[in-house]
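Throughout the sequence shown, residue numbering follows the working numbering, covering 158 to 576 in sequence.
Ideal Cβ positions, reconstructed from N, Cα and C, are used throughout, including at glycine.
It should be emphasised that the depicted structure is a prediction, and the values quoted were computed from it without experimental measurement.
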Amino acid sequence: MTNQNPLPMLTNQVQIIGGGLAGLSLCAALGTAGIKTLLIDLEPPLPENPYQDAKDNRTTALIQNSINLLNACGTWVGCEEYATALTVMRIVNLPRGKQKYPSSTNFDSREINDSAFGFNVPNAVLRRALCNRLNELPSVTHLTSTKMETLEARENGYILNLSNGQKSIAELTVGADGKNSPSRKAVGIKSMSWPYPQTAITCYIEHSKPHQNVSTETHYPAGPFTLVPMMGKRSSIVWVEETSLAKKLLGLDEEGFTKALKEKIKGRLGTVKLFGKRGGFPISAMLSNSFHDQRFALIAEAAHALPPIAAQGLNLSLRDVAVLAELLIDQNNKGNDLGDIQLLEEYDRARRFDVFTRLAAADGLNRFASNDSAILHKVRDLGLSAVRNFAPLRHFMMKSGMTSPLGTPSLMTGKEIKK
Ligand SMILES: Cc1cc2nc3c(=O)[nH]c(=O)nc-3n(C[C@H](O)[C@H](O)[C@H](O)COP(=O)(O)OP(=O)(O)OC[C@H]3O[C@@H](n4cnc5c(N)ncnc54)[C@H](O)[C@@H]3O)c2cc1C
């Protein structure tokens, strides 16, 4: 029997496809401003225990600008309890040939009068805080465990066909559905992508010695091995390995994996114990040819993806969120159409340079840091020595890692979002 009473079409000002951290953040920003917004989220609601039950066992090192945005969206309050200050970033180049000792440089946030570069937060905690915030916002509809099946273009906006049988339309559709973005493909925006022969292994550890809020990135020929401080005597690990070896490591039992991990940590944190799940993330980069189309915008990894080096990815994506949210909030306050093409062109122009320079830097840094060339090893040593001995260069590098060359979007400067 056919259904005689199809569900009514959902109508909103903005509809966002993808409930990753970027899509959730944009939804929280727009909802805080009272914009009627729908979020299509493939994920189920929330894990009870943000460490043990998390599907995503990564943490994110958030710089202060990103935290300001989350604060403006009313979300940071739910993360603070689990956030760990990052005060020192240590870069280590291992010894090679006749060298006995590694060379290293410390970047200390106190040298540039900042109490911390930022805070490290488990992704599951951030997701929980964002979902809780969406629940409080009357102008937001958050559909979990729901997939966008297809998109149909109409003059007044895209119609989304959802896996629960519903249809939805909005003045503006935003693709926040990750690197392989089905919405980007459905709209017909081309992109270029390139894989690296590397996979990032992720896990959490408990250790007997305190981390003292120091994040350590050690450069091995296959890729960086990074320890990032968490609450108490805990750290999260991003271990970039050549892909076939990463697969073998991920297949080891807990004892074998812990043994391999200890060889990388080299006793730095005392005795070490794994907790929670392990994860593996194949590394690739991607850049979309355009960040918009008629009544459609792309944000975050649906628009650009970087190798996970120097904790840039989500911080860059949150700048997309801040710029687009600000344009939409202004437009809404004037009572104008949120799918206006001039607004979308402005968004695209505002983001392209920042994204392109970060992508080029992350690509170059990943290639430079992950190889066994004697010459590049020497260049890395010389670079670290220059940075160690020349404070202005060190200060410049610390500051430029925390700001965009085109300035800071105002929602990242501590400005509140008003209805
Ligand atoms: C190992 C590692 C460590 C990292 N560390 C850092 C860090 O310290 N700092 C930092 O700034 N960045 C970091 N990053 C980058 C950061 O994790 C990513 O940039 C960020 O998670 C991407 O978020 P997103 O919302 O764009 O995409 P995703 O997280 O991929 O979210 C996309 C969402 O869309 C959903 N989706 C897909 N198709 C559909 C559909 N048809 N319908 C509905 N929904 C759909 C997916 O289910 C998913 O939930 C790291 C990345 C890696 C791999």
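Any idea what DSSP makes of residue i, helix, strand or coil?
{"i": "C184", "result": "helix"}
{"i": "R425", "result": "coil"}
{"i": "K347", "result": "coil"}
{"i": "Q488", "result": "helix"}
{"i": "K366", "result": "coil"}
{"i": "L499", "result": "A quick correction: the sequence has Gln, not Leu, at residue 499. It is helical."}
{"i": "G521", "result": "helix"}
{"i": "E398", "result": "strand"}
{"i": "C360", "result": "strand"}
{"i": "M388", "result": "coil"}
{"i": "M166", "result": "coil"}
{"i": "N222", "result": "helix"}
{"i": "T262", "result": "strand"}
{"i": "E312", "result": "coil"}
{"i": "N214", "result": "coil"}
{"i": "N277", "result": "strand"}
{"i": "N292", "result": "helix"}
{"i": "F338", "result": "Checking the sequence, you will find Ser at residue 338 rather than Phe. Coil at S338, not helix or strand."}
{"i": "N228", "result": "helix"}
{"i": "T301", "result": "coil"}
{"i": "R452", "result": "coil"}
{"i": "E306", "result": "strand"}
{"i": "L143", "result": "It is not possible to answer for residue 143, since the shown part of the chain is limited to 158 through 576."}
{"i": "K572", "result": "coil"}
{"i": "A459", "result": "helix"}
{"i": "I269", "result": "helix"}
{"i": "K434", "result": "strand"}
{"i": "D177", "result": "Residue identity check: residue 177 is Gly in the sequence provided, not Asp. Residue state, collapsed to three classes: coil."}
{"i": "L647", "result": "Residue 647 falls outside the range modelled here, since the chain spans only 158 to 576, and no answer is possible."}
{"i": "K257", "result": "coil"}
Under 8 Å, do residue i and residue j count as touching if we go by C-beta distance?
{"i": "L406", "j": "E398", "result": "yes"}
{"i": "I283", "j": "L475", "result": "For the sequence presented, residue 283 should be read as Leu rather than Ile. It is not a contact, given that the beta carbons lie outside the stated cut-off."}
{"i": "T194", "j": "S296", "result": "yes"}
{"i": "S338", "j": "G332", "result": "yes"}
{"i": "N280", "j": "D213", "result": "yes"}
{"i": "I466", "j": "L418", "result": "no"}
{"i": "I486", "j": "C230", "result": "no"}
{"i": "D450", "j": "I358", "result": "no"}
{"i": "A403", "j": "G437", "result": "yes"}
{"i": "L495", "j": "E328", "result": "yes"}
{"i": "E363", "j": "F432", "result": "yes"}
{"i": "L203", "j": "K304", "result": "no"}
{"i": "N370", "j": "V245", "result": "yes"}
{"i": "V512", "j": "L473", "result": "yes"}
CB-CB under 6 Å to residue i, same chain, minus the five flanking residues each way: which ones, in chain order?
{"i": "N222", "result": "T565, M569"}
{"i": "T383", "result": "E374, V395"}
{"i": "D334", "result": "I174, G175, S340, A459"}
{"i": "E237", "result": "none"}
{"i": "F274", "result": "L243, S266"}
{"i": "N493", "result": "none"}
{"i": "K434", "result": "N214"}
{"i": "H299", "result": "L196, L291"}
{"i": "I316", "result": "E309, K324, I326"}
Excluding the 5 residues preceding and the 5 following residue i in the sequence, name in chain order all residues of the same chain whose CB lies nearer than 7 Å to its CB.
{"i": "F276", "result": "L219, I224, A240, T241, A242, L243"}
{"i": "T232", "result": "A185, A286, L287, R290"}
{"i": "M388", "result": "Y239, T241"}
{"i": "P354", "result": "E399, T400"}
{"i": "Q323", "result": "L164, L167"}
{"i": "I248", "result": "S261, T262, E374, L541"}
{"i": "L444", "result": "S348, M349, H461, L516"}
{"i": "L484", "result": "L500, E503, Y504"}
{"i": "K421", "result": "F382, W396"}
{"i": "A507", "result": "V480"}
{"i": "V344", "result": "L308, D450, F453"}
{"i": "L183", "result": "I173, V331, A333, I456, V478, L481, A482"}
I believe residue i touches residue j by the beta-carbon criterion, under 8 Å. Please report the beta-carbon distance rounded to the nearest angstrom.
{"i": "N488", "j": "D497", "result": "This sequence places Gln at residue 488; Asn is not what is there. Yes, they are in contact, since the Cβ atoms of Q488 and D497 sit about 7 Å apart, within 8 Å."}
{"i": "F448", "j": "A462", "result": "Not a contact, Cβ separation roughly 13 Å."}
{"i": "S393", "j": "T216", "result": "4 Å"}
{"i": "G191", "j": "K576", "result": "4 Å"}
{"i": "T330", "j": "N318", "result": "So it is not a contact: roughly 12 Å between Cβ atoms."}
{"i": "A454", "j": "L187", "result": "A454 to L187, Cβ: 12 Å. No contact."}
{"i": "I456", "j": "A179", "result": "6 Å"}
{"i": "H376", "j": "N169", "result": "With a Cβ gap of about 47 Å, H376 and N169 do not count as contacting."}
In chain order, what residues of the same chain have a beta carbon less than 8 Å from the beta carbon of residue i, not counting five sequence neighbours either side?
{"i": "K366", "result": "K390, R425, L426, G427"}
{"i": "P201", "result": "T301, S302"}
{"i": "A519", "result": "A442, L463, P464, I466, A467, Q469"}
{"i": "M446", "result": "Rather than Met, the amino acid found at residue 446 in this sequence is Asn. Only I346, K347, S348, M349 meet the Cβ criterion."}
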